[in-house]
Amino acid sequence: MIARISLAALAIALVSGCSTPSPVLGGKNIGYGDSKAVELVTNEFGSTDLQMIAESMTRSLAQSGILQGRPVVQVYDVKNKTSEYIDTREITTSIKTQLMKSGTARFASDNTQMQSQVDQLKLQNQSGLYKKNTVAKTGNMIAAKYRLEGSISSIVKRSSDYKDVFYKFSLQLIDVESGLAEWMDEKEIRKTTER
Amino acid sequence: MASRVLTVATLVAAVQLAGCSAFRSYDSELQETNQHLSSGNVDAALQLLEKNNKGEDKDLLYYFEKGELLRSKGDLAGSQLAWRSADDVVFKWEESVKLDTDKYLSQFGSYLVNDKVRRYEGYDYEKVMLTTQMALNLLAQNDFDGARTEIKKTHEREAVIAELRDKEYLKREEEAEKEGVKTEYKDLQGYPVAALDAPEVVGLKNSYQSAFSHYLSGYVYEALGEKGLAAPGYRKAAELRPNTPLLEQALLELDKPAAKTTDSDVLIVIQSGLAPARDSVRIPLPLPISGNLVITPLSFPVIKEDTSTAHFSEIYLNDRELKLTALNSTTAMSRRALRDDMPGIILRTSVRAISRGVAQKQLNDVNPLAGLAVGIASTVTEGADTRTWRTLPDETQVARVRLRQGEHQLSLPSSLGGSQVSVKIDRPFQVVTLRVVGNQVFAGGPALHVEPKATAQAVASLKQP
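So the sequences go chain by chain: A and B. Position 128 (the first sequence) corresponds to 128 in full-length UniProt numbering; numbering is contiguous. Position 75 (the second sequence) corresponds to 75 in full-length UniProt numbering; numbering is contiguous.
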């Protein structure tokens, strides 16, 4: 009997020994939170809105059936029509990352990366610093079949004890050759605060 | 005997208090400092500032003024260092507000302490202008990424301030009702009410949002290619200063495809004058003390506008007139801050005077001499808070132009001495900032060079036969 208990105790000790967390330094009122937790600190645009928009857009686009055979897509900036400092590029980066990870699309260099891309090609081809057979050849960049663009707008209303913010995010995928919009979706978010 | 000891002790306490910040006349200290600045002697201004702040524990105001003086001297790194210390103080304030707003508000609303013995924590517009000025320092060195950080901090801080003030005004209304103080600043006989009700003051949305700050943020984001963030900057600026063509134009241009040109997009920023001073005026108010209405003189702050620099609305670029658009007035913001604070100041000052009056009456009944001493001491210590960031520029005006890369000449109107500044434009986006105080022009950064006065005047006299 005693042997069995001590065995159990040993087992517990062993198991708990394995799961010892990393030591924590300092930190009285500081802690890590769940990055997916619903954030309701103020009713301005926040992390949850960004995640909600990115997720719903990615799902809709991936399930639409347009992106057959991993086409090349060029992402444009999302136009910010609100008066809030919303980093819209972070929304498109999230959408891009999720589409890329699921293997549904490939992405051409967008406006911001283009300069670095051109600079690197020039450096390799014109500086004479690199071994010939490792140099990337010019004229081989892949052009986009589709372009992805969108906008975010908001309607803000407030009274002395009530604030209502309505966001609308819309995104569309356009065939570069035909100019036709092949897919389009929007996400609406309403946030209200009572004082 | 005991009463005499008490009297002496009270007088000693009053004299001792005189040594501390309660008796520091910030207005006269800074008047002298600013005189040195407007005569172009920045080193003397800096020496005086150091002389007046000998203590180990420097406060926010010292760093505010030091940063601006070093910036005028052209020492951008030193200026940034001083302002970084100021930014730390503001950051701590911001954290304490975010962590426990109610605790902060109840401490601030304390009736016991006179405003001027409180540790200086800066007016809201000063906090917003601090990071805006820091961004200008970095832009003078073409550091757009650094400026982006300061600008992001500015609008995040603005949001914290907005939320705090919302709560504060609500709480104050409730308390004024509870204490039964119904005096408004319009009821103060002899108080310059018109200055607080001027259209440029009432027209502001609040005391802390600056159209210039948001316009600059739009420009920096645009220069960095982040149009999604540039748009709200321009839009907010346009909301704060409606019917300003420059701001509406910026928003329209943002949507146009980039022009195929090698010319630079240059933002010229002219900051002129000095922030207004705060002075104390005494106004008698009837207060209910121990059941009687007693006319008691109370001290209230007033804003004194700076007159060191003449107003101008154009400069000359390569000898051609360039109209400036005013985007920021510290005087208007400062007046607005006082206008919004006045109900709180009246409430705190009245409640303090009432409780002091009651205590003095009780003491008078027992010991008239001690009562008199307390009366003298309180009259001396009671005065409005006159501290405020004084070297901060008053007006900020801008012009946005497309310029060919290379050397250009900027000159000021002859009414301001007609100083000439040569500017080297060599970036696709570039910010050129000039500071004008009196007849002096200050410019920092590698791209600017203020030409010696003598030649400037010679050129001016040649052109005006």
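Every residue, glycine too, gets a C-beta built ideally from N, C-alpha and C. Everything numeric in this text was worked out from a predicted model, so none of it was measured.
Pick from the options that is closest to residue i, judged by C-alpha positions
| i | options | result |
| --- | --- | --- |
| V89 of chain B | B:S217, B:L130, B:G218 | B:L130 |
| R387 of chain B | B:V117, B:D365, B:D87, B:D57 | B:V117 |
| V302 of chain B | B:E314, B:V269, B:S313, B:R339 | B:R339 |
| A353 of chain B | B:S210, B:S290, B:K153 | B:S290 |
| S414 of chain B | B:T309, B:L363, B:M342, B:S355 | B:T309 |
| T183 of chain B | B:M342, B:V358, B:T391 | B:M342 |
| G203 of chain B | B:E222, B:L240, B:Q360 | B:L240 |
| S79 of chain B | B:E95, B:F91, B:A135 | B:A135 |
| L224 of chain B | A:T97, A:N43, A:Q74, A:D87 | A:D87 |
| L317 of chain B | B:N367, B:E177, B:G418 | B:G418 |
| K36 of chain A | A:L50, A:I152, A:E194, A:K81 | A:L50 |
| Y63 of chain B | B:L285, B:L392, B:L37, B:K186 | B:L392 |
| H214 of chain B | B:V398, B:A44, B:A45, B:E29 | B:V398 |
| I449 of chain B | B:V437, B:N439, B:L416, B:H408 | It is His, not Ile, that sits at residue 449 of chain B in the sequence shown. Closest by alpha carbon: B:H408. |
| V38 of chain A | A:D161, A:T48, A:E44, A:I30 | A:T48 |
Any C-beta of chain B under 9 Å from that of residue i
| i | result |
| --- | --- |
| I95 of chain A | no |
| E44 of chain A | yes |
| K191 of chain A | no |
| R106 of chain A | no |
| N80 of chain A | yes |
| R89 of chain A | yes |
| T112 of chain A | yes |
| D77 of chain A | yes |
| R195 of chain A | yes |
| I66 of chain A | no |
| I86 of chain A | yes |
| K187 of chain A | no |
Chain-order list of residues whose beta-carbon lies under 7 Å from that of residue i (same chain, five-residue window excluded)
| i | result |
| --- | --- |
| G218 of chain B | A230, G233, Y234, A237, A250 |
| Q124 of chain A | Y130, V135, A136 |
| A82 of chain B | Y63, K66, G67, L70 |
| V176 of chain A | A144, K145, Y146, R147 |
| G383 of chain B | K116, S280, S299 |
| K73 of chain B | V42 |
is_contact[residue i, chain A] using C-beta, thresh 9 Å
| i | result |
| --- | --- |
| L204 of chain B | no |
| R165 of chain B | no |
| K127 of chain B | no |
| V220 of chain B | no |
| R235 of chain B | yes |
| S217 of chain B | yes |
| E68 of chain B | no |
| K152 of chain B | yes |
| L428 of chain B | Looking at the sequence itself, residue 428 of chain B is Pro, so the reference to Leu does not match. Cβ-Cβ to chain A under 9 Å: no for P428 of chain B. |
| G225 of chain B | yes |
| residue 475 of chain B | This structure cannot speak to residue 475 of chain B, because chain B is shown only from 1 to 465. |
| H155 of chain B | yes |
Cβ pair residue i, residue j closer than 9 Å
| i | j | result |
| --- | --- | --- |
| A108 of chain A | M141 of chain A | yes |
| N328 of chain B | F212 of chain B | yes |
| T33 of chain B | V269 of chain B | no |
| R172 of chain B | L267 of chain B | no |
| L61 of chain B | W389 of chain B | yes |
| K145 of chain A | V73 of chain A | yes |
| Y208 of chain B | Y123 of chain B | yes |
| R181 of chain B | L347 of chain B | Residue identity differs from the one stated: residue 181 of chain B is Val in this sequence, not Arg. The answer is yes: Cβ separation under 9 Å. |
| E156 of chain B | T132 of chain B | no |
Where residue i falls: helix, strand or coil (DSSP)
| i | result |
| --- | --- |
| L462 of chain B | The pLDDT assigned to L462 of chain B is 41, lower than 50, so where the model puts this residue is not dependable; a value taken from the coordinates is nonetheless given after this. In the structure shown, L462 of chain B sits in a helix (DSSP, three-state: H, G or I). |
| I354 of chain B | helix |
| Y123 of chain B | coil |
| F442 of chain B | strand |
| H311 of chain B | coil |
| D185 of chain A | strand |
| D394 of chain B | coil |
| E149 of chain A | strand |
| R400 of chain B | strand |
| L188 of chain B | coil |
| Q271 of chain B | strand |
| V176 of chain A | coil |
| G40 of chain B | coil |
| D27 of chain B | helix |
Per-residue contacts from residue i into chain C (C-beta, under 9 Å)
| i | result |
| --- | --- |
| E239 of chain B | Among the chains of the structure shown, chain C does not appear; the protein chains present are A and B. |
Other residues of its chain near residue i: CB distance less than 6 Å, five sequence neighbours each side excluded
| i | result |
| --- | --- |
| S94 of chain A | A54 |
| L462 of chain B | Residue confidence for L462 of chain B is low, a pLDDT of 41 falling below 50, so the modelled location carries little weight; the figure read from the coordinates is stated next. Around L462 of chain B: no qualifying Cβ. |
| K178 of chain B | none |
| S64 of chain A | W183 |
8 Å CB neighbourhood of residue i in its chain, flanking five on each side removed
| i | result |
| --- | --- |
| G103 of chain A | R70 |
| E451 of chain B | S419, Q420, V421, S422 |
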